[in-house]
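Enquirer: This is the structure, below, for whatever I ask next.
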Amino acid sequence: MLEIKDLHASIEDKEILKGLNLKVNAGEVHAIMGPNGAGKSTLASVIAGKEEYEVTSGNILLENEDIEELAAEERAHKGIFLSFQYPVEIPGVSVTNFMKTAINETRKARGLEDMPARDMLKKIKEKSELLEIDSKFLSRSLNEGFSGGEKKRNEIFQMAMLEPKVAILDETDSGLDIDALRIVANGVNKLKSKDNAVIVITHYQRLLDYIVPDFVHVLHDGKIVKSGDKSLALELEEKGYDWIKEEVKA
Amino acid sequence: MDLKEKLVSSFLAFEATVDTSNTIHDLRTEAIKSFEAYGFPSKKLEAWKYTSLNSVLKNDFSLFPKSEVALEYKDVKQYFINDIDSYKIVFIDGVYSSHLSETTHDKIDVCLMSSALTQNRFKPVIDVYYNTIVKEDGLTALNTAFAKEGAYIYIPKNEAAAKPIQVVYFSTGADNEAMFQPRNLIVAEDNAEVTIIERHQNLSDTEVFTNSVTEIYAGKNAHIDYYKIQNDTDKSSLVDNTFTEQHDNSVCAVHTFSFGGKITRNNLNFYQKGQGIDSILNGVTILEGKTHVDHNTLVEHLEPNCESHQDYKGIFDEKSTGVFNGKIIVDQIAQKTNAFQSNNNILLSDKATVNSKPQLEIFADDVKCSHGCTIGQLDESALFYMRSRGIATKEAKALLMYAFANNVLQSVKIPQLKNRINKLIAKKLGVDLGFDV
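Following this line, the structure appears as structure tokens:
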């Protein structure tokens with residue numbers, strides 16, 4: 000579904016990703032772990048199409064189609080979704096209006112008519128219940144004054160609404176208490192299917208107790224240096240990242 | 000002969016068209032002398048530093064309308080808020096159009112200034128209020144000298160206007176370049192309520208210069224909502240001189256929506272002459288091309304326990320220019336004053352400019368005054384966030400700009416008017432926002 004080949008990316012001439020390879024098939028959950036500064040959030044931003052990062056070489060393929068030249072919105076239309084580590088506050092735009100605009104823009108790009116208002120309302124109701132989001136919350140300005148947990152739940156709500164092919168969750172567990180973590184993880188698990196894929200970027204193993212990965216990758220200095228199954232995450236939790244760094248040096 | 004000389008020398012001809020025996024004419028005679036002394040404001044004046052009228056004043060304006068043009072409602076319907084029931088006072092080239100108007104004398108007076116200035120039954124009100132709130136300068140004196148027509152709205156004690164009043168000034172270009180001096184008086188006595196929507200609209204592509212004076216009197220506990228829609232052509236310039244006097248516990252809001260015109264200067268003045276008063280000054284300015292809008296506000300807090308709230312938002316594209324000059328004066332007896340002012344601007348182009356200048360003169364010691372002005376670009380991180388959700392750059396920008404202006408619209412109390420302004424904003428931004436606003 001998503002294939003990243005020898006990806007090099009830099010910001011302000013500083014290379015962050017230094018030849019990254021990753022293959023994610025439909026129906027899989029991949030976790031990307033790594034110490035601070037390894038390039039985890041850069042990878043998320045580069046896949047989503049943030050222009051500050053320059054892809055200097057390599058490819059990002061979504062269903063065998065090169066997407067690294069596409070604008071962020073075009074990638075979204077093709078099914079890429081990024082759950083932000085720090086969702087942006089947008090005063091004056093309600094959650095509902097934002098979602099309506101996003102969904103209809105995506106439909107327009109796919110050559111579809113606007114979603115009928117009734118269907119939209121039904122979908123909003125269904126997905127907000129999945130994330131245990133109060134209906135009052137939907138008329139509030141997007142992310143404005145939301146708690147950390149509310150912001151993250153709102154990210155997964157948007158994911159539920161947009162039904163992406165590849166969802167990248169960037170540090171979705173940061174700032175969440177255990178209840179919020181459960182709600183968010185439960186939401187993600189329900190959205191998982193054989194037709195989509197999830198990439199969980201996290202520093203800690205905690206989230207992976209709830210969203211169980213098929214593969215765990217360790218990102219270090221802009222490359223994936225080790226891959227394994229979910230037991231690797233537990234090992235990292237226990238031993239930290241230093242042994243990986245040692246292994247790489249050796 | 001320049002415009003000033005032309006105006007002064009035409010005063011004699013003007014006198015032949017009005018009743019020179021009443022006191023109003025004494026005011027005119029004094030005012031033309033004042034205008035002769037002051038002249039038009041130049042950029043040398045501090046208050047006019049960023050706005051030059053030179054490109055307007057060089058025109059050879061026709062000063063008095065000669066031709067009477069008739070307009071059909073269906074042709075100008077779009078300039079009205081046409082989906083509400085309202086009173087209408089409509090002028091075409093400075094001349095009252097009874098055809099397009101809907102006035103009343105039932106408990107309240109919604110009619111013409113020309114009637115009010117000449118008929119005896121209005122004299123008691125005119126004697127008390129006319130030309131008493133306005134502060135004299137070159138432009139207001141000029142207006143007073145030639146004032147004979149405009150809107151006259153009188154809401155007596157304990158009465159409320161049953162529906163909003165639309166005051167619309169059309170110009171048709173029938174007299175080529177034309178200058179107009181409309182004069183409005185709005186009196187809402189104690190416990191009275193009124194809502195007014197004012198618009199100036201040039202229907203031709205000839206130059207128009209309007210020098211308007213509006214006096215607003217709010218008695219005790221009166222409520223006045225005043226909406227100014229400025230979306231004129233790029234050949235149309237407007238100096239709007241509005242003076243508001245408020246008494247105990249009155250609430251007066253003036254909303255100015257500036258979306259077009261050539262040069263627009265809003266001199267908006269509030270004098271708080273009682274306690275428990277709230278003055279609200281809101282503005283949304285969205286400009287492109289070479290349009291220039293200058294908001295020059297003054298709030299004088301003269302008594303204790305009053306509030307004022309100013310919120311002006313501006314979005315400037317291409318070579319458009321904006322000015323916000325907001326002055327707040329708190330008299331030394333005006334303790335417990337709460338005065339708030341904010342002016343936020345977004346520049347969409349390297350060639351657009353904004354000058355924002357708050358001026359606070361506070362002589363009391365127990366007051367809350369805040370002011371803030373910002374000039375910036377659209378938030379890039381917000382744009383990326385929206386784009387990552389599939390919203391294209393143009394729509395994302397529009398949504399952000401809409402959101403930026405939106406909180407000022409919250410205070411628009413007529414849903415149809417709010418809807419219209421939302422549509423004007425969406426049209427200005429060139430997008431369909433994708434949801435009902």
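Chains as they are written, first to last, in numbering that gives the first Met the number 0: chain A, 0 to 249; chain B, 0 to 436. From the three backbone atoms N, C-alpha and C, an ideal C-beta is built for every residue, glycine too.
#1: Do A/G221 and A/E14 have their beta-carbon atoms positioned less than 8 Å apart in this structure?
#2: So is A/I89 in contact with chain B if we call contact Cβ pairs under 8 Å?
#3: Can you give the Cα-Cα distance for B/F269 and B/H199, rounded to whole angstroms?
#4: Any beta-carbon of chain B closer than 8 Å to the one on A/H216?
#5: Would you verify that the beta carbon of B/A442 is, or is not, closer than 8 Å to some beta carbon of chain A?
#6: Where do the N-terminal and C-terminal ends of the beta strand (DSSP E) with B/S61 fall, by residue?
#7: Quick one: which residues of the region 47-65 of chain A get their C-beta closer than 9 Å to a C-beta of chain B? List them in chain order.
#8: Report the rounded CA-to-CA distance for B/L428 versus A/A47, giving the unit in angstroms.
#9: Say whether the region 101-110 of chain B touches the region 83-90 of chain B, bearing in mind that this needs 3 or more beta-carbon pairs closer than 8 Å, one atom from each stretch.
#10: Check each residue of the region 64-84 of chain A: if its Cβ is closer than 9 Å to any Cβ of chain B, include it; give the result in chain order.
#11: Chain B beta carbons: is any one of them nearer than 8 Å to that of A/L204?
#12: Give me the Cα-Cα distance between B/D435 and A/F97, rounded to the nearest whole angstrom.
#13: Can you pull out the residues from the region 4-32 of chain A whose beta carbon lies closer than 7 Å to at least one beta carbon of chain B?
#14: What residues in its chain sit with their C-beta under 8 Å from that of A/D65, if we drop five residues either side in the sequence?
#15: Based on the DSSP secondary-structure assignment, which residues constitute the bridge partners of B/S307?
#16: Can you tell me where the alpha helix (DSSP H) holding B/D189 begins and where it ends?
#17: Look up B/Y216 in the DSSP assignment and say whether it is helix, strand or coil.
#18: Within a Cβ cutoff of 7 Å, which residues of the same chain sit near B/D174, ignoring the five residues on either side of it in sequence?
#19: Locate the beta strand (DSSP E) running through A/L16, then write down its first and last residues.
#20: Please state the DSSP three-state secondary structure of B/Q415.
#21: Using the rule of at least 16 other Cβ atoms within 10 Å of the residue's Cβ for burial, across every protein chain shown, is B/A161 buried or exposed?
#22: Measuring straight from C-alpha to C-alpha, what distance separates A/L21 and B/A425?
#23: Could you tell me the distance, in whole angstroms, from the CA atom of A/A249 to the CA atom of A/T95?
#24: Should B/F242 go down as buried or exposed, given a rule of 16 or more other Cβ atoms within 10 Å for buried?
#25: Confirm, please, whether the CB-CB distance from A/V54 to A/L130 is below 8 Å.
#26: What does B/Y384 touch in chain A if you count any residue whose Cβ is under 8 Å from its own?
#27: Can you tell me whether DSSP reads B/D435 as helix, strand or coil?
#28: Would a check of beta-carbon distances place B/S410 closer than 8 Å to chain A?
#29: Closer than 8 Å is the cut-off here; do at least three beta carbon pairs connect the region 106-119 of chain A with the region 144-159 of chain A?
#30: Tell me, to the nearest whole angstrom, how far the beta carbon of B/D378 is from that of B/A351; I am working on the premise that it is less than 8 Å.
#31: Give me the Cβ distance between A/N142 and A/P86, rounded to the nearest whole Å; I'm assuming they're in contact under 8 Å.
#32: Between A/V28 and A/L1, is the Cβ-Cβ spacing less than 8 Å?
#33: Does B/I390 come out as helix, strand or coil in the three-state DSSP assignment?
Expert: Looking at the coordinates:
#1: Yes, Cβ-Cβ distance for A/E14 and A/G221 is below 8 Å.
#2: Taking Cβ atoms only, chain B reaches closer than 8 Å to A/I89, which makes this a yes.
#3: Each residue's Cα considered, the two are about 22 Å apart.
#4: No, its Cβ sits nowhere closer than 8 Å to a Cβ of chain B.
#5: This structure gives no information on residue 442 of chain B, because the portion of chain B shown stretches from 0 to 436.
#6: From DSSP, B/S61 is part of no beta strand (DSSP E); its letter is neither H nor E.
#7: Within the region 47-65 of chain A, the qualifying residues are A47, G48, K49, E50 and E51.
#8: Between B/L428 and A/A47, the C-alpha separation is close to 27 Å.
#9: Judged by pairs of C-beta atoms under 8 Å, the region 101-110 of chain B touches the region 83-90 of chain B, as three or more such pairs exist.
#10: Shown in chain order are the members of the region 64-84 of chain A whose Cβ falls below 9 Å from a Cβ of chain B: A70, A71, E72, E73, R74, A75, H76, I79, F80, L81 and F83.
#11: Note that residue 204 of chain A is Gln in the sequence shown here, rather than Leu. By the rule that beta-carbons nearer than 8 Å mark a contact, A/Q204 does not touch chain B.
#12: Low local confidence applies: a pLDDT of 47 at B/D435 is under 50, so the model's placement there is unreliable, and no value is given.
#13: Result list empty, no residue passes.
#14: Within the same chain, A/D65 has close Cβ partners N58 and I59.
#15: B/S278 and B/A338.
#16: Careful: B/D189 lies outside any alpha helix (DSSP H) and carries neither H nor E.
#17: In the displayed model, B/Y216 falls within a strand according to three-state DSSP.
#18: In chain order, S61, P64, K65, S66 and D92 place their CB closer than 7 Å to the CB of B/D174, counting only its own chain and leaving out the 5 sequence neighbours on each side.
#19: In this chain, the beta strand (DSSP E) harbouring A/L16 covers K13 to V23.
#20: Three-state DSSP puts B/Q415 in a helix.
#21: By the 10 Å Cβ count, B/A161 comes out exposed.
#22: Those two C-alpha atoms are separated by around 43 Å.
#23: Roughly 53 Å separates the two Cα atoms.
#24: By the 10 Å Cβ count, B/F242 comes out buried.
#25: Taking 8 Å as the Cβ cut-off, A/L130 and A/V54 do not qualify as a contacting pair.
#26: Chain-order list of chain A residues neighbouring B/Y384: F83, P86, V87 and I89, by C-beta distance under 8 Å.
#27: The predicted model places B/D435 with a pLDDT of 47, which falls under 50 and marks its position as unreliable; any figure quoted below should be read in that light. Three-state DSSP puts B/D435 in coil, outside helix and strand.
#28: The beta carbon of B/S410 sits no closer than 8 Å to any beta carbon of chain A.
#29: Judged by Cβ distances under 8 Å, the region 106-119 of chain A makes no contact with the region 144-159 of chain A, as fewer than three pairs qualify.
#30: Between B/A351 and B/D378 the Cβ distance is about 17 Å, and since that is not below 8 Å, they are no contact.
#31: Right, the Cβ-Cβ distance comes to about 5 Å (below 8 Å), so this counts as a contact.
#32: No. Outside cutoff.
#33: Reduced to three states, the DSSP call for B/I390 is coil.
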